[in-house]
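Participant: Quick one: structure below, then a few questions.
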Amino acid sequence: MNIVFVCTSNTCRSPVSELFAVEYFHRKLNMSREQQEAKGIAIRSAALTDVFDREGSPASKHAVDVMKKYQLDLSKHRSQLLTEKMCMEADYVVCVASGMVFKVTEKFPQIKERDNVLA
Numbered sequence: 001m002n003i004v005f006v007c008t009s010n011t012c013r014s015p016v017s018e019l020f021a022v023e024y025f026h027r028k029l030n031m032s033r034e035q036q037e038a039k040g041i042a043i044r045s046a047a048l049t050d051v052f053d054r055e056g057s058p059a060s061k062h063a064v065d066v067m068k069k070y071q072l073d074l075s076k077h078r079s080q081l082l083t084e085k086m087c088m089e090a091d092y093v094v095c096v097a098s099g100m101v102f103k104v105t106e107k108f109p110q111i112k113e114r115d116n117v118l119a
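Below, the structure is given as structure tokens:
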């Protein structure tokens with residue numbers, strides 16, 4: 001399973017979603033992230049643009065602080081841009097911001113050919 005969470009800058013909403021998903025599978029399957037990846041569970045997050053935050057930016061301080069309350073560490077996160085390859089390899093592309101589905105299909109129109117991938 002390959003899941004990509006997408007938001008505008010990949011510094012708050014999508015990395016938080018990514019980390020919660022990794023933690024969900026950790027609790028459900030009793031596997032570390034490395035073990036999940038070895039079993040084919042790849043969970044990522046990405047930005048649609050780098051206009052507001054450059055690629056490689058850390059997670060926002062607020063996001064890091066919120067995740068600390070759940071004993072989850074977001075401090076090592078660095079933003080990355082969504083790529084066509086990510087879209088085409090993903091089983092699910094989950095947009096975590098209003099209007100993002102339209103923007104993803106506008107940037108990567110070939111994703112429309114894949115049924116039930118974009119949410």
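All letters in the sequence shown, in the order written, are residues 1 to 119 by UniProt numbering.
Glycine included, each C-beta is placed from N, C-alpha and C at the ideal position.
Because the structure is a prediction, the values reported are computed rather than measured.
For A46 versus N2, is the C-beta distance shorter than 8 Å?
Facilitator: Residue 46 sits at position 46 when you count from the first residue of the sequence shown. Residue 2 sits at position 2 when you count from the first residue of the sequence shown. No; because the gap between Cβ atoms is not below 8 Å, this pair is not in contact.
Participant: What residues are listed by DSSP as bridge partners for C7?
Facilitator: The sequence position of residue 7 within the sequence shown is 7, counting from 1. A47.
Participant: Can you tell me which residues form a DSSP beta bridge with L81?
Facilitator: In the sequence shown, residue 81 corresponds to position 81, counting from 1. BP columns for L81 point to A47.
Participant: What whole-angstrom Cβ distance do L48 and K103 have, given they're in contact under 8 Å?
Facilitator: Locating residue 48 in the sequence shown gives position 48, where the first residue counts as 1. Locating residue 103 in the sequence shown gives position 103, where the first residue counts as 1. Confirmed, Cβ separation roughly 6 Å.
Participant: With H, G and I counted as helix, E and B as strand and the rest as coil, what does DSSP make of A42?
Facilitator: In the sequence shown, the residue the question calls residue 42 occupies position 42. Residue state, collapsed to three classes: strand.
Participant: With DSSP as the reference, identify every bridge partner of V94, one or two as the case may be.
Facilitator: Along the sequence shown, read from residue 1 onward, the residue named residue 94 stands at position 94. Note: V94 sits in a beta bridge opposite F5.
Participant: I need the straight-line Cα distance from Q110 to D65, nearest angstrom please.
Facilitator: Within the sequence shown, numbered from 1, the residue matching residue 110 stands at position 110. Within the sequence shown, numbered from 1, the residue matching residue 65 stands at position 65. Going from the Cα of Q110 to the Cα of D65 covers about 37 Å.
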